[in-house]
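Okay, structure first, notes after.
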Amino acid sequence: MNLLSDIKNLIEDGAKKGGYDDELTITFSDKPQICDFQCNGCFSLAKKYGKKPIDIAKDIVGNIKDNPQYKVEIVPPAFINITLTNEGLKNVANYMLKDTDGGLEKHKVSQKVLLDYGGANVAKALHIGHLRPAIIGESLKRLYRLLGDEVISDVHLGDWGLQMGLTELQLFEEGKLDYYFGESKQKRELTIDDLNEAYPLASKRKNQEEDFKQKAEQWTLFIQQKKQPYFDIYQDIRALSVKEIATNYKKLGAEFDLWEGESNASDYCEEALNIIKEKGLARESEGALVVDVAQEGENVPIQKNGETLYINPMPPCLIQKSNGGDLYATTDIATILKRNKTYKLDRIEYVTDARQKMHFIQVFRTCKMSGISPENQQLVHVVNGTMNGSDGKPFKTRSGDTIKLEDIIALLTNKAKDKLKSNGVNADDETALKIGVGAMKFGDLINTVSKDYLFDIDRFLSFEGKTGPYLQYTCVRINSILSRFNDGQGGEIDIYNDETRQVILAMLKLNSSYEICYREKSLNALCLSAYNLASAFSTFYNNHSVVNEKDTDKQNSYISLLKLIKKKMEQALNVLAIDIPQKM
Ligand code: ARG
11 MNLLSDIKNL IEDGAKKGGY DDELTITFSD KPQICDFQCN GCFSLAKKYG KKPIDIAKDI
71 VGNIKDNPQY KVEIVPPAFI NITLTNEGLK NVANYMLKDT DGGLEKHKVS QKVLLDYGGA
131 NVAKALHIGH LRPAIIGESL KRLYRLLGDE VISDVHLGDW GLQMGLTELQ LFEEGKLDYY
191 FGESKQKREL TIDDLNEAYP LASKRKNQEE DFKQKAEQWT LFIQQKKQPY FDIYQDIRAL
251 SVKEIATNYK KLGAEFDLWE GESNASDYCE EALNIIKEKG LARESEGALV VDVAQEGENV
311 PIQKNGETLY INPMPPCLIQ KSNGGDLYAT TDIATILKRN KTYKLDRIEY VTDARQKMHF
371 IQVFRTCKMS GISPENQQLV HVVNGTMNGS DGKPFKTRSG DTIKLEDIIA LLTNKAKDKL
431 KSNGVNADDE TALKIGVGAM KFGDLINTVS KDYLFDIDRF LSFEGKTGPY LQYTCVRINS
491 ILSRFNDGQG GEIDIYNDET RQVILAMLKL NSSYEICYRE KSLNALCLSA YNLASAFSTF
551 YNNHSVVNEK DTDKQNSYIS LLKLIKKKME QALNVLAIDI PQKM
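Written as structure tokens, this is what we have:
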């Protein structure tokens, strides 16, 4: 069911009969106390046809037959206001109640999409920067699927870069890899603590000790060449790290179909490089291989104080290191090649922060120029803003370190627990996790994806206002009311009062917000509409008792209304990947 397009057809039909064969836009009313929908198209038609706007409105509305569903009126100077009659609203509500998707219209054409989000790096702890891509990516996946796309999600682990060589070398120097090099008979199993200690140390040393850095680069190359024992060690480290990563993603509710990574593209790197070379796109630069991707007006050199600067910088894409090693761009290009050999994809989308903007432009252009990505395939980078602390800078610990994802999840869970305790509820860990993580997710997704936002844990965890817990609480409340009735209870929804009317309209708006989110690749419209529905429900419930209603028809109508709200809220929270606790 697409109410907006039904109304559009109705109005356009009237316009056509009145002599205007034009497309008209219908929106939800910005004055809901006056009407439900509006069409402001008469003003532009007036310009086009050289007539008075009001005359055009009269031509259009005069040609619309009286209709039991809608009341169509002209309001000066020339607005067309549309209101659903009680009859119309009742039909819509009962249709939503019966329909499996609650009246949500799926896309007629389904696209096959590969969604690349998560991006955790093996051997490094997941940090706060990985939080947003996981939250946003998971919701986009669920949104696309709900609207009918076929989506494959891939965590695309960072598992082929210098951090591998750095970690191995550090562990080796700590004497923890003797077994692999035949210097000890006893295998010392590596632990996650070994990794958590080794990488930060190695990363620091890389910047201070040139020898160490060069050796780590050499070891990275050995791993990429699958040389032993370097590759065996790598596989053990990878397996250990992936287990830890999976635990954290599970807590966040991020579910991936594919647990692949940069390393899975390694068998395709050579082929990708050959394609690029055969197309004559590769050029040598200081021993490395690069592709010039700058377009007209980009990367224009200018001289300033004896230095060359570039206007609209777009450096070439580095596709092979001078030592023959693979780079981040190489594995991303090879991954696109691999994906396109495996699936027929309409779109490939990546969720990361803005620091990777340039990288993806370079990779996408190289793939398009070389034909590795077919012309009709969309390659999209969904850029997320950063989560900032109260100082307006990316959120850090008090000592200025990047926060580990694990720690932030623990913080959210503990805070949720305290909060519940102060409300007199003793929550178990699972409930506290649902509320803490739910609060974080809603606090994130209510912002436009591309914008930065402030991490404000107390505001996120509030049980009132535009927060995750408020929405969860709404569901818990509805479930508790419905538990007083039998499953079979309920009847046809009727419009008994304005509060019922507002709830149904809020559900219609919620339905239409999915399409906005799909178009904008941002979940904020859905968050807002779900909140509006929760508060419309609250107004309804504050004014009408369902349990004590004496009139059976009315009570049955209310029960069904609540069931419908429950269905719509659960659908929305499911897309936002926010779990609903049993009680709170
Ligand atoms: N591992 C990367 C990081 O931590 C993110 C990976 C994003 N996906 C990709 N195909 N490059 O920044």
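Residue numbers (the numbering used here): 11 to 594.
By construction, the Cβ of each residue, glycine as well, lies at the ideal position given by its N, Cα and C atoms.
Per-residue burial, residue i [other beta carbons within 10 Å of its own, 16 or more giving buried]
i: A307; result: Here residue 307 turns out to be Gly, not Ala, going by the sequence shown. Exposed.
i: D417; result: exposed
i: E193; result: exposed
i: G24; result: buried
i: R408; result: exposed
i: A249; result: exposed
i: A275; result: buried
i: T352; result: exposed
i: L319; result: exposed
i: D169; result: buried
i: V447; result: buried
i: S493; result: exposed
i: N140; result: Looking at the sequence shown, residue 140 is not Asn but His. Looking at its Cβ environment, which holds 16 or more other Cβ atoms inside 10 Å, H140 is buried.
i: F232; result: buried
i: F191; result: exposed
i: A8; result: The question about residue 8 has no answer here: the residues shown for the chain are numbered 11 through 594.
i: S273; result: buried
i: E219; result: exposed
i: H117; result: exposed
i: T340; result: buried
i: E148; result: buried
i: R293; result: exposed
i: K216; result: buried
i: P63; result: buried
Opening and closing residue of the beta strand (DSSP E) in which residue i lies
i: T362; result: R357 to D363
i: E160; result: E160 to D164
i: K295; result: Residue 295 is actually Ser in this sequence, not Lys. Looking at the DSSP string, the run of the beta strand (DSSP E) that includes S295 is A292 to S295.
i: D126; result: K122 to D126
i: A130; result: Neither: A130 is in no beta strand (DSSP E) and is coded neither H nor E.
i: L328; result: C327 to Q330
i: I84; result: Y80 to V85
i: N91; result: F89 to L94
i: Y320; result: E317 to I321
i: I312; result: V310 to K314
CB-CB length for residue i against residue j, believed under 8 Å
i: Y506; j: L157; result: No, Y506 and L157 are not in contact; Cβ-Cβ is about 33 Å, not under 8 Å.
i: L176; j: Y127; result: About 25 Å separates the two Cβ atoms, so there is no contact after all.
i: K427; j: L471; result: Contact doesn't hold; Cβ gap of about 10 Å is too wide.
i: Y568; j: V556; result: 4 Å
i: I588; j: F452; result: 6 Å
i: V132; j: G290; result: With 8 Å as the limit, V132 and G290 do not qualify as a contact, their Cβ atoms being about 35 Å apart.
i: A212; j: L179; result: 7 Å
Start and end residues, alpha helix (DSSP H) containing residue i
i: S54; result: C52 to Y59
i: F374; result: K367 to S380
i: Q565; result: T562 to V585
i: L415; result: L415 to S432
i: Q48; result: Q48 -> not in any alpha helix (DSSP H); beta strand (DSSP E) instead, spanning F47 to C49.
i: L389; result: It is not in any alpha helix (DSSP H) - L389 instead sits in the beta strand (DSSP E) that spans Q388 to N394.
i: E288; result: S276 to E288
i: A546; result: N534 to N553
i: P384; result: Neither: P384 is in no alpha helix (DSSP H) and is coded neither H nor E.
i: A449; result: D439 to L455
7 Å Cβ cutoff, residue i in contact with chain B
i: N96; result: Among the chains in the structure shown there is no chain B, since it carries only a single protein chain.
| query | Which residues count as close to the ligand ARG when the rule is a CB under 6 Å from any of its heavy atoms, in chain order? | reply | D126, G129, N131, H166, G168, D342, Y360 and T362
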